[in-house]
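Participant:
Number of protein chains: 2
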Amino acid sequence: MPRSGAEARRRLQQATLELFQQKGFDATTAAEIAERAGVTERTFFRHFADKREALFDGEAAFREALARAVVSAPPDMSPMDALLHAFRSAEPLLEKNRPFTEPRQKIIDATPALQERVLTKTAGLIAALGDALRQRGVEEDTSTFAAQIGMATLSYATHAWLADPTLTLAASLVKAQAALRRFSS
Amino acid sequence: MPRSGAEARRRLQQATLELFQQKGFDATTAAEIAERAGVTERTFFRHFADKREALFDGEAAFREALARAVVSAPPDMSPMDALLHAFRSAEPLLEKNRPFTEPRQKIIDATPALQERVLTKTAGLIAALGDALRQRGVEEDTSTFAAQIGMATLSYATHAWLADPTLTLAASLVKAQAALRRFSS
DNA sequence: AGCCATGGTGACAGTAGCTGACAATATGCT
DNA sequence: AGCATATTGTCAGCTACTGTCACCATGGCT
Numbered sequence: 006m007p008r009s010g011a012e013a014r015r016r017l018q019q020a021t022l023e024l025f026q027q028k029g030f031d032a033t034t035a036a037e038i039a040e041r042a043g044v045t046e047r048t049f050f051r052h053f054a055d056k057r058e059a060l061f062d063g064e065a066a067f068r069e070a071l072a073r074a075v076v077s078a079p080p081d082m083s084p085m086d087a088l089l090h091a092f093r094s095a096e097p098l099l100e101k102n103r104p105f106t107e108p109r110q111k112i113i114d115a116t117p118a119l120q121e122r123v124l125t126k127t128a129g130l131i132a133a134l135g136d137a138l139r140q141r142g143v144e145e146d147t148s149t150f151a152a153q154i155g156m157a158t159l160s161y162a163t164h165a166w167l168a169d170p171t172l173t174l175a176a177s178l179v180k181a182q183a184a185l186r187r188f189s190s
Numbered sequence: 006m007p008r009s010g011a012e013a014r015r016r017l018q019q020a021t022l023e024l025f026q027q028k029g030f031d032a033t034t035a036a037e038i039a040e041r042a043g044v045t046e047r048t049f050f051r052h053f054a055d056k057r058e059a060l061f062d063g064e065a066a067f068r069e070a071l072a073r074a075v076v077s078a079p080p081d082m083s084p085m086d087a088l089l090h091a092f093r094s095a096e097p098l099l100e101k102n103r104p105f106t107e108p109r110q111k112i113i114d115a116t117p118a119l120q121e122r123v124l125t126k127t128a129g130l131i132a133a134l135g136d137a138l139r140q141r142g143v144e145e146d147t148s149t150f151a152a153q154i155g156m157a158t159l160s161y162a163t164h165a166w167l168a169d170p171t172l173t174l175a176a177s178l179v180k181a182q183a184a185l186r187r188f189s190s
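Protein chains in written order, with my numbering: chain A, 6 to 190; chain B, 6 to 190.
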């Protein structure tokens, strides 16, 4: 029954999260996930390219939101300032997804295969940020480098932000920027 | 015939490189590689955890060499200077491996699965550099951040260095450091 | 109402990556 | 020679993932 398509996808995501939590990534088969979602294994692989992707479905939207924020940042901003501007604008989105990303992180921390996938997602994000910087007129060579530095800064800031709920992301970013200045001096 | 163990491993590496070049990563099976190396498929997986690892065999040695160089850098050096010191010391090793890494890079550029593996190798390198910095007394939080920034700097520098054979890696690193200062200002 | 194009799905078969268990054989030491 | 150890071969098996085709629900068109 091809109900809506999107419904089955949501059920598959939910089933994936639950089973990975209960039995771990390696011990849960794609067939199990499909069965719990009420579809066939074949349908699972129609919605997600592989078993890992089911855990990273919202990532594309986040990436595109960040890229748009970089492009639409005030034109007189330096590359790094444009990135930081975009990161600050993402704080509400990150805050909203917090309850969902927290259990997911625990699963990821427990399985190397998922950590590997996180790295490619991060690389994709860096590439998108580099693209966005290029649309702002930043040169080809330096845009990727700046995007990498920016992403490292964001990771550093979000780490501290997640660990200490009293912090705001913006404040955490300021600290990270200060640490970066210290290194490069 | 359990000849030497290391011999079979070398043959497997060689066969892997050749077949990936000829037919591409996806089109070559582990059984084919094993057959060309004169062993069984089972033996292939005893030497390498998966099909990708056969392409990244020397990486552990490179990582450890870099980490040692960071630890043994003059104690009064700043974290970033210690990293740059280690990177400069690796130039001969990189130069020596150049004819081997060049065809490998072409294969990697053509196959996403291998690019994903490169990212985990890079992450491992960053972790090792962070560890080495901690052994120099750098604080837990900042060491990983510094290692990330350092790795981004090295990538940027090696890119330019590989593209222009008249450059030395040390000179390329100086330019990268200047770019970094520009971003973080 | 009937019809058709579209798209999601089930069913089935098949390939290949990867693993566990056990036997067989070569190597080094005594 | 004899023994311990390391490496490999053999076999059986699971599961991730893919190609193909038929099926059926939905929405628009006449």
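Ideal Cβ placement from N, Cα and C applies to all residues, glycine included.
Please name the residues in the stretch 60 to 89 of chain B whose beta-carbon is closer than 7 Å to at least one beta-carbon of chain A, in chain order.
Facilitator: Pro84 and Met85
Participant: Mapping DSSP to helix, strand and coil, what is Thr48/A?
Facilitator: helix
Participant: Using DSSP with H/G/I as helix, E/B as strand and the rest coil, what is Glu144/B?
Facilitator: coil
Participant: Taking 6 Å as the limit between beta carbons, can you name the residues of its chain near Ala181/A, skipping five residues before and five after?
Facilitator: Thr158, Tyr161 and Ala162
Participant: Under 6 Å Cβ to Cβ from Ile131/A, same chain only, skipping five residues before and after it: list those, please.
Facilitator: Ala152, Gln153 and Met156
Participant: Just the chain A side, please: which residues come within less than 7 Å of Gln153/B by C-beta, in chain order?
Facilitator: Within 7 Å Cβ-Cβ: Ala157.
Participant: Does chain A have any CB closer than 8 Å to the CB of Arg186/B?
Facilitator: yes
Participant: Do Ala91/B and Ala74/B have their C-beta atoms within less than 8 Å of each other?
Facilitator: yes
Participant: Please state whether DSSP places Ser77/A in a helix, a strand or coil.
Facilitator: In the displayed model, Ser77/A falls within coil according to three-state DSSP, outside both helix and strand.
Participant: Ends of the alpha helix (DSSP H) at Lys56/B?
Facilitator: Where Lys56/B is concerned, there is no enclosing alpha helix (DSSP H), given that its DSSP letter is neither H nor E.
Participant: Kindly list the residues whose CB is nearer than 6 Å to the CB of Glu121/B, restricted to its own chain and excluding five residues on each side of it in sequence; keep chain order.
Facilitator: Cβ within range, chain order: n/a, list empty.
Participant: Would you kindly work out how many angstroms separate the C-alpha atoms of Ala42/A and Gly129/A, rounded to a whole number?
Facilitator: Cα atoms of Ala42/A and Gly129/A: separation of roughly 29 Å, rounded to the nearest angstrom.
Participant: Taking the continuous alpha helix (DSSP H) assigned at Phe92/A, which residues delimit it?
Facilitator: Unbroken alpha helix (DSSP H) run through Phe92/A: Pro84 to Ser94.
Participant: Along the stretch 118 to 147 of chain A, what residues have a CB closer than 7 Å to any CB found in chain B?
Facilitator: Glu121, Leu124, Thr125, Ala128 and Thr147
Participant: Could you check whether Gly29/B and Thr116/B sit closer than 8 Å to each other, using their CB atoms as the reference points?
Facilitator: yes
Participant: Would you tell me roughly how many angstroms separate the C-alpha atoms of Gln110/A and Pro104/B, rounded to the nearest one?
Facilitator: Near 40 Å, if we compare the C-alpha coordinates of Pro104/B and Gln110/A.
Participant: Measure how close the beta-carbons of Arg93/A and Leu174/A come, nearest whole angstrom, since I'm counting them as under 8 Å.
Facilitator: 7 Å
Participant: Give the range of the alpha helix (DSSP H) segment to which Leu17/B is assigned.
Facilitator: Ala11 to Lys28
Participant: Kindly say whether Phe30/A, judged by its beta-carbon, lies nearer than 8 Å to any beta-carbon of chain B.
Facilitator: no
Participant: Indicate the three-state DSSP secondary structure (helix, strand or coil) for Ala132/A in the structure shown.
Facilitator: helix
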